[in-house]
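Asker:
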Amino acid sequence: MTSHAAGLPLTLTQNLPSLKRSSCFRNDCLASLFRRPLDRVNVLGDDETEGHTGCVNALSWAHDGELLLSGGDDTTVRIWSMDPTASDAEYPFVCCAVIHTGHRANIFNARMLPHSSRIATVAGDKQVLVFDIGQVHGPSVPGCEGRYSETPTHTLRCHEDRVKRIVPEDSPDVFLTVSEDGTVRQHDLRTSHSCHTGCPAPLVQVDFELSSLAMSPLTPYQFVVAGDSGYGYLFDRRHLQTTSQPSSVFSTDLTTCVRRFGRPEPTDDADNRRRQHITGARMSSHAGDEVLLAYNGDVVYRYSALGVPQEEKDTPIIMPIQKYVGAQNVDTVKDVNFLGPSDEYVTVGSDDGNFFVWNKESGSLHGIYEGDGSVVNVIEGHPHLPLVAVSGIDTTVKLFAPTDEKSEFSRMDNAEAIIERNQRSRSIRSIRSVDMAALMQLYEAGQVRVSVDGDSDVIPCRSQ
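Using the UniProt record's numbering, read the sequence shown as starting at 1 and increasing by one per residue.
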């Protein structure tokens, strides 16, 4: 048996590009494109027949980037695909189907489950719904209505409060959800149960609201959760619950918190009064140890799960290795994300209607772009193309791509004034929100006895 392809000379096969070399070449090309400024190349849903009728809270790419899912306050999920017959747009995405989900409150997340045509949705009505859309490709009939059953194949009512995020596993049947009831649950569509009385035990259960959940495909046994706490928590499913953890917090957990991510203690009095809350968490798809956290009323921080804890104790704290300054995160729940073929950039939305992009390693500002008429909440990069989807308070989805020309939607020329205004406004508005939150807590709980050390929201984590 020869060691080279049949019918080809050995010298020729030696010069054929390997899969690794081809992948590196593609990444190098994409990286060079992302060094350019971005500009808006399309607006999805800017007419009455295709668009949402409320804020767009959810964006996700599906089918290896062939489809874009969007969902929001109108309780619909819209499926966008590229129209090969359109020649007047660089990225001519059109609506090919709409799912009228039947949710009774805002949709917060929608994800297609891998290796399937299933879409899972979560919303403020505490429900997790799963739909099977079959094969949806190309533009649909007028009015953007896909032809398939809109009856969910699965309705899961395991959570007791609003459900905020979905993280699919590498399976068409298994995925995780996080809820403001303080739990992370794993759902397996291959097994049935009676909700409320027969729901499987949650993977995580804490005594404060959770709103963010992130996992890296490189380390699928770990995930990060965050919410109404000053910390992000790294859980590892390879470690079962330890008896040293208090039962009041981990009474039914099937995993273990191994790290928590914090930030430097604030020195300003106003910062000390600020509500401890994380709006977004993300783990890198190219470096499984990298974690991003977006703090309400503060900046974005990057961590390494492999970092040495600042203090060696029962609850080891990993401190940031970089921070990203300039955006304003007070009014709404903003996600955070990586951009670039190797996650070279960090991005987050802002209350001023812009989204910010920084160089991941240096923390230097790479771009500011107008992405919404009010607030940008969600930014999702295409898995293979130099394309970025952006949404927020507007009823539309904006697509951005690198440009060789001057960017019409770049705001870098006014960067200094924008950052200064955001920092000033952030301080004033975060103080007001903290004061109101404190009054509401007193109203709901009456006289609250606070521990001297103030660690009521700290989960003990074992060091590994």
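Even for Gly, the Cβ is constructed at its ideal location relative to N, Cα and C. Remember, it's a predicted structure, so these values are computed and weren't measured experimentally.
#1: Closest by CA to S60, which one among I317, D335, R238?
#2: Buried or exposed: where does H52 fall if 16 or more other Cβ atoms within 10 Å of its Cβ makes it buried?
#3: G45 and V397: beta carbons closer than 8 Å?
#4: Can you give me the C-alpha to C-alpha distance between F409 and S171, rounded to a whole angstrom?
#5: For P114 and H63, what's the separation of their Cα atoms in angstroms?
#6: Mapping DSSP to helix, strand and coil, what is C257?
#7: With DSSP as the reference, please indicate the residues paired to D132 in a beta bridge.
#8: I need the boundaries of the beta strand (DSSP E) containing F93, first residue and last residue.
#9: Could you pull out every residue in the same chain whose Cβ sits closer than 7 Å to the Cβ of R411, ignoring the five residues on either side in sequence?
#10: Can you tell me whether DSSP reads D39 as helix, strand or coil?
#11: Could you give the DSSP three-state label for G227: helix, strand or coil?
#12: Pairs of beta-carbons, one from the stretch 294-303 and one from the stretch 381-396, closer than 8 Å: are there three or more?
#13: Taking 8 Å as the threshold, find out whether the stretch 253-263 comes into contact with the stretch 221-237 through three or more Cβ pairs.
#14: When the Cα of R282 is compared with those of S70, T76, I379, which residue comes out closest?
#15: Note down, in chain order, each residue of its chain lying with its Cβ closer than 6 Å to the Cβ of G381, except the 5 sequence neighbours on either side.
#16: Grab the span of the beta strand (DSSP E) containing Y221 for me, first residue to last.
#17: So, helix, strand or coil for Q423, using DSSP?
#18: Give me whichever residues DSSP pairs with N337 in a beta bridge.
#19: Counting only the same chain and skipping the five closest in sequence on each side, list residues whose C-beta sits under 6 Å from that of N109.
#20: Determine the closest residue to L189 out of C199, D173, P341, G280, with distance taken between C-alpha atoms.
#21: On the DSSP bridge assignment, give the partners of A123 in chain order.
#22: On the premise that D343 lies in contact with S284, defined as a C-beta separation below 8 Å, what is that separation, rounded to the nearest angstrom?
#23: Quick check on R26: does DSSP put it in helix, strand or coil?
#24: Hey, quick one: how far does the beta strand (DSSP E) through V178 stretch, first residue to last?
#25: Between the Cα of D74 and the Cα atoms of L68, L399, H100, I119, which residue gives the shortest distance?
#26: In this structure, how does DSSP classify D188 when only helix, strand and coil are distinguished?
#27: Beta-carbon separation of H196 and R237 under 8 Å?
#28: Take the Cβ of D351 as the centre, count every other Cβ of all protein chains shown within 10 Å, and call the residue buried at 16 or more, exposed below.
#29: Measuring straight from C-alpha to C-alpha, what distance separates R26 and G288?
#30: So, are the CB atoms of R302 and K360 less than 8 Å apart?
#31: Have a look at A401 and S23 and give me their C-alpha separation to the nearest angstrom.
#32: So, are the CB atoms of G326 and N422 less than 8 Å apart?
#33: Provide the residue span of the beta strand (DSSP E) that contains K398, from first to last.
#34: Taking only the alpha-carbon atoms, compute the straight-line gap between I133 and T151 and give it to the nearest angstrom.
#35: Which whole-angstrom value describes the C-beta separation of V128 and V184, a residue pair presumed to lie in contact below a C-beta threshold of 8 Å?
#36: Along the beta strand (DSSP E) that carries H366, what are the first and last residues, could you check?
Answerer: Concretely, from the data shown:
#1: As a working note, residue 60 is residue 60 in the sequence shown. The residue with the shortest Cα to Cα distance from S60 is D335.
#2: Here residue 52 refers to the residue found at position 52 when the sequence shown is read from its first residue. Counting Cβ neighbours within 10 Å, H52 comes out buried, since at least 16 surround it.
#3: Sequence index remark: in the sequence shown, residue 45 carries index 45 (1-based). Sequence index remark: in the sequence shown, residue 397 carries index 397 (1-based). Contact flag set, yes.
#4: Against the sequence shown, residue 409 aligns to sequence position 409. Against the sequence shown, residue 171 aligns to sequence position 171. So the two alpha carbons sit approximately 39 Å from each other.
#5: Residue 114 sits at position 114 when you count from the first residue of the sequence shown. Residue 63 sits at position 63 when you count from the first residue of the sequence shown. Each residue's Cα considered, the two are about 8 Å apart.
#6: Residue numbering aside, residue 257 sits at position 257 when the sequence shown is read from its first letter. Strand at C257.
#7: Translated into positions along the sequence shown, residue 132 becomes position 132. According to DSSP, D132 bridges with R118.
#8: The residue you call residue 93 lines up with position 93 of the sequence shown. 93-100 is the extent of the beta strand (DSSP E) around F93.
#9: The residue labelled residue 411 in the question sits at position 411 within the sequence shown. For R411, where only same-chain residues beyond five positions count, the Cβ hits under 7 Å are N354, I368, Y369, E370, I418.
#10: In the sequence shown, the residue the question calls residue 39 occupies position 39. In this structure, D39 counts as strand in the three-state DSSP scheme.
#11: Position 227 of the sequence shown holds residue 227. In this structure, G227 counts as strand in the three-state DSSP scheme.
#12: no
#13: yes
#14: As a working mapping, residue 282 is identified with position 282 in the sequence shown. Measuring from the Cα of R282, the nearest candidate turns out to be I379.
#15: Taking the first residue of the sequence shown as 1, we reach residue 381 at position 381. Closer than 6 Å at the Cβ level, and outside the excluded window around G381, lie L339, V388.
#16: Position 221 of the sequence shown, counting from 1, holds the residue named residue 221. Element bounds for Y221: n/a, residue is neither H nor E.
#17: For the purposes of this step, residue 423 is taken as the residue at position 423 of the sequence shown. Three-state result, Q423: helix.
#18: Stepping through the sequence shown from its first residue, residue 337 is reached at position 337. DSSP output for N337 lists T347 as bridge partner(s).
#19: Counting from 1 along the sequence shown, the entry for residue 109 is found at position 109. The answer, listed in chain order, is A58, V122, R165, I166.
#20: To locate residue 189, count along the sequence shown from 1; it is residue 189. Looking at the Cα atoms, D173 is the closest of the given residues.
#21: Stepping through the sequence shown from its first residue, residue 123 is reached at position 123. Paired residue(s): I107.
#22: Locating residue 284 in the sequence shown gives position 284, counting from the first residue. Locating residue 343 in the sequence shown gives position 343, counting from the first residue. About 5 Å separates the two Cβ atoms, so the contact holds.
#23: Position 26 of the sequence shown, counted from the first residue, corresponds to residue 26. In the structure shown, R26 sits in a helix (DSSP, three-state: H, G or I).
#24: Mapped onto the sequence shown, residue 178 falls at position 178. Looking at the DSSP string, the run of the beta strand (DSSP E) that includes V178 is 174-179.
#25: Position 74 of the sequence shown, counted from the first residue, corresponds to residue 74. Cα-wise, what sits closest to D74 is H100.
#26: As a working note, residue 188 is residue 188 in the sequence shown. Looking at D188 - three-state DSSP - the assignment turns out to be strand.
#27: Numbered from its first residue, the sequence shown carries residue 196 at position 196. Numbered from its first residue, the sequence shown carries residue 237 at position 237. Contact flag unset, no.
#28: For this step, residue 351 is matched to residue 351 along the sequence shown. With 16 or more Cβ atoms within 10 Å of its Cβ, D351 is classed as buried.
#29: What you label residue 26 is simply residue 26 of the sequence shown in a count that begins at 1. What you label residue 288 is simply residue 288 of the sequence shown in a count that begins at 1. About 21 Å.
#30: For the purposes of this step, residue 302 is taken as the residue at position 302 of the sequence shown. For the purposes of this step, residue 360 is taken as the residue at position 360 of the sequence shown. Their beta carbons are under 8 Å apart, which means R302 touches K360 by this criterion.
#31: Sequence index remark: in the sequence shown, residue 401 carries index 401 (1-based). Sequence index remark: in the sequence shown, residue 23 carries index 23 (1-based). Cα-Cα distance, rounded: 21 Å.
#32: For the purposes of this step, residue 326 is taken as residue 326 along the sequence shown, with counting starting at 1. For the purposes of this step, residue 422 is taken as residue 422 along the sequence shown, with counting starting at 1. Yes, these two residues count as a Cβ contact at 8 Å.
#33: If you number the sequence shown from 1, residue 398 lands on position 398. 397-402 is the span of the beta strand (DSSP E), which, as asked, contains K398.
#34: Taking the first residue of the sequence shown as position 1, residue 133 is located at position 133. Taking the first residue of the sequence shown as position 1, residue 151 is located at position 151. Looking at the two C-alpha atoms, the distance is approximately 10 Å.
#35: As a first step, residue 128 is located in the sequence shown; it is residue number 128 there, counting from the start. As a first step, residue 184 is located in the sequence shown; it is residue number 184 there, counting from the start. Not a contact, Cβ separation roughly 12 Å.
#36: Counted from its first residue, the sequence shown places residue 366 at position 366. Start and end: 365-370.
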